[in-house]
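Below is one structure, written out as structure tokens, with a few remarks after it.
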Amino acid sequence: MPGLDGFLRNSLSSEQSQTRVPIDFDANSISFLGGLFLETTVSSSIIDSVSTRTTSNSASNSVHSSSSRHRPVVLGVSRRESRVPATVGGEFLSVSLSIKRSDELLQNGEKNSEEEAIANAVVEMGKKQKVGLRRRGAMNTTKHLWAGAVAAMVSRTFVAPLERLKLEYIVRGEQKNLFELIKAIAASQGLRGFWKGNLVNILRTAPFKAINFYAYDTYRKRLLKFSGNEETTNFERFIAGASAGITATVLCLPLDTIRTKLVAPGGEALGGVIGAFRHVIQTEGFFSLYKGLVPSIISMAPSGAVFYGVYDILKSAYLHSPEGRKRIQNMKQQGEELNALDQLELGTVRTLLHGAIAGACAEAATYPFEVVRRRLQLQGKAAKLSALATCVNIVEQGGFPALYAGLFPSLLQVLPSAAISYFVYEFMKIVLKVK
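Take a look at the structure:
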């Protein structure tokens with residue numbers, strides 16, 4: 001159709017000569033917009049062929065420009081109906097030409113890739129930091145538990161003879177005075193008799209004290225964070241101590257029951273800890289290991305509250321005193337030059353003294369519950385009594401003072417035990433660098 005092609009060329013040249021095509025300059029591209037009106041007699045297939053031809057040309061131009069590092073050219077053709085008078089009629093053929101810089105596109109692509117790489121690196125770094133915090137938290141928890149366990153081992157081994165005397169009064173109902181009882185044990189069992197059951201006692205008290213100390217510090221910090229105060233209040237100290245005592249009691253009561261069975265008359269025939277476990281479960285059932293759970297919780301809740309609360313109150317009072325502030329200031333100035341003993345906030349003597357006072361107060365406040373719990377643990381299937389009935393039975397047999405049977409040797413055992421326990425615990429936290 002040579003006539004039609006000539007018509008289009010003439011029309012396009014006439015439109016370009018009569019109409020100024022708007023040119024839009026931009027930092028990244030240059031665009032040319034233009035068009036021409038077509039007669040109604042022009043077939044739509046011709047316009048489609050023009051659009052297809054220009055598109056293929058733009059593709060070839062893009063390839064050529066990229067290979068020769070020229071600017072790519074994009075030519076787009078579209079057809080729109082124009083609202084013109086009826087006399088004119090026809091359609092409007094619009095042509096747009098866009099030139100974009102390939103180097104800018106490459107730079108933008110490189111910037112996007114760099115930003116994505118930085119974002120991925122930040123995400124990976126955040127994940128590694130979270131894993132590191134979890135590992136450090138787990139390591140700190142392990143050190144914290146070990147500090148409490150070592151404190152229990154040292155203190156219990158040191159006071160094992162006094163613990164044995166206390167059990168003789170509570171479990172066996174011994175009526176001899178203290179010196180006569182010491183002579184009787186030494187004559188019948190020798191020196192080792194005073195450490196009878198100490199291994200089982202350590203197996204019970206080591207996890208008990210570890211959980212107790214750790215739980216108290218954890219609960220106290222949680223309550224302090226929840227309240228938003230600068231320092232823990234006395235009420236929060238007592239609540240944290242009671243909660244720690246309950247937590248440790250629930251987890252460690254079975255070992256205490258086995259220890260009581262081994263120390264009781266006939267305990268030698270059970271064959272040690274494993275044999276005692278097997279015997280109790282076979283003859284009395286698994287839940288018999290939790291005999292006396294209610295009085296244990298009732299006794300350990302106030303015991304923990306008093307033990308930890310009194311120690312923290314005494315410690316806080318000293319640290320807020322002029323002498324305590326001066327000591328803390330001197331410790332900060334000397335820094336790493338101090339050894340572990342000198343890094344104790346209370347010092348060696350005050351740590352021992354405050355621990356002994358806290359232990360004595362806790363023991364005196366909860367000793368009757370201890371007596372009832374021991375009696376409940378010795379009951380068999382034949383005669384099972386509730387905690388209240390057991391308490392009434394003890395009072396009927398020995399009067400009200402029977403609830404405090406063995407309190408004096410118990411205090412003799414508690415005073416050094418609590419003092420050494422707190423001292424070793426504070427010392428081990430410094431050595432292990434517990435945060």
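When you line the sequence shown up against full-length UniProt numbering, it's residues 1 to 435, in that order.
Yeah, the Cβ is synthetic: ideal placement off N, Cα and C, and Gly gets one too.
Closest residue to residue i among the options (Cα-Cα distance)
i: Leu415; options: Ala405, Leu181, Trp146 and Ala160; result: Ala160
i: Val200; options: Ala186, Ser188 and Gly275; result: Gly275
i: Leu421; options: Gly126, Ile246 and Tyr308; result: Checking the displayed sequence, the identity of residue 421 turns out to be Ser instead of Leu. Selected option, being the one with the closest Cα: Tyr308.
i: Val395; options: Met125, Leu223, Arg375 and Tyr214; result: Arg375
i: Leu270; options: Tyr367, Lys128, Gly197 and Arg350; result: Gly197
i: Ala365; options: Thr249, Arg136, Ala248 and Val310; result: Val310
i: Ser321; options: Lys384, Val434, Leu346 and Gln333; result: Leu346
i: Ala206; options: Ser243, Thr157 and Leu432; result: Thr157
i: Ala362; options: Gln334, Thr142 and Gly304; result: Gly304
i: Pro302; options: Ile246, Thr283, Asp312 and Ala389; result: Ile246
i: Trp195; options: Ser155, Tyr219 and Val131; result: Ser155
i: Leu145; options: Lys326, Glu284 and Ala215; result: Ala215
i: Ala387; options: Glu284, Thr141, Val294 and Asn177; result: Val294
i: Glu370; options: Leu432, Ile328 and Met300; result: Met300
i: Leu412; options: Ala244, Leu178 and Ile202; result: Leu178
Which of helix, strand or coil DSSP assigns to residue i
i: Asp312; result: helix
i: Gly148; result: helix
i: Glu231; result: coil
i: Ala119; result: helix
i: Ala264; result: coil
i: Leu378; result: coil
i: Val159; result: coil
i: Val349; result: helix
i: Val434; result: coil
i: Gly355; result: helix
i: Gly292; result: coil
i: Gly197; result: coil
i: Lys209; result: helix
i: Glu39; result: Residue placement at Glu39 is poorly supported in this model, since its pLDDT is 49, which falls under 50; the coordinates still yield a value, given next. Three-state DSSP puts Glu39 in coil, outside helix and strand.
i: Lys225; result: helix
i: Lys384; result: coil
Endpoints, alpha helix (DSSP H) assigned at residue i
i: Phe179; result: Leu178 to Gln189
i: Gly275; result: Gly272 to Glu284
i: residue 436; result: This structure cannot speak to residue 436, because the chain is shown only from 1 to 435.
i: Asp342; result: Taken as a continuous stretch (DSSP letters only), Asp342 belongs to no alpha helix (DSSP H), as it is neither H nor E.
i: Phe427; result: Leu407 to Val431
i: Ala389; result: Ala387 to Gly398
Alpha carbon of residue i to alpha carbon of residue j, nearest angstrom
i: Lys166; j: Ser410; result: 5 Å
i: Arg278; j: Gly272; result: 10 Å
i: Ser227; j: Lys221; result: 10 Å
i: Glu336; j: Glu115; result: 44 Å
i: Val306; j: Asp217; result: 15 Å
i: Tyr367; j: Ser296; result: 11 Å
i: Tyr169; j: Thr351; result: 30 Å
i: Ala358; j: Lys315; result: 11 Å
i: Ile30; j: Lys128; result: At Ile30, the pLDDT of 45 sits below 50, so the modelled position is not reliable; the number obtained from the coordinates is stated separately. C-alpha separation (whole angstroms): 47 Å.
i: Asn28; j: Ser113; result: Interpretation of Asn28 is limited by its pLDDT of 46, a score under 50 that renders its predicted location unreliable; the figure taken from the coordinates is listed afterwards. Approximately 19 Å between the Cα atoms of the pair.
i: Glu163; j: Leu319; result: 33 Å
i: Ala419; j: Ile185; result: 26 Å
i: Ala240; j: Glu323; result: 28 Å
i: Val349; j: Ala117; result: 59 Å
i: Tyr404; j: Leu338; result: 45 Å
i: Gln343; j: Gly355; result: 17 Å
i: Phe423; j: Ala147; result: 11 Å
i: Phe427; j: Ala187; result: 38 Å
i: Lys429; j: Lys143; result: 8 Å
i: Arg204; j: Met125; result: 43 Å
i: Lys130; j: Ile313; result: 36 Å
i: Glu373; j: Val280; result: Looking at the sequence shown, residue 373 is not Glu but Arg. If I take the Cα positions, the gap works out to 17 Å.
i: Lys433; j: Gly285; result: 43 Å
i: Gln189; j: Gly406; result: 21 Å
i: Ile298; j: Gln329; result: 41 Å
i: Leu253; j: Gln377; result: 10 Å
i: Gln282; j: Ala360; result: 38 Å
Does the structure place the segment 253 to 271 close enough to the segment 220 to 239 that three or more beta carbon pairs sit under 8 Å?
The segment 220 to 239 vs the segment 253 to 271: no contact.
May I ask you to verify whether the segment 388 to 403 touches the segment 118 to 125, counting CB pairs closer than 8 Å and requiring at least 3?
no
Segment contact, 8 Å Cβ cut-off, at least three pairs: the segment 198 to 214 with the segment 137 to 156
yes
Do the segment 280 to 300 and the segment 245 to 261 meet, that is, are 3 or more Cβ pairs less than 8 Å apart?
yes
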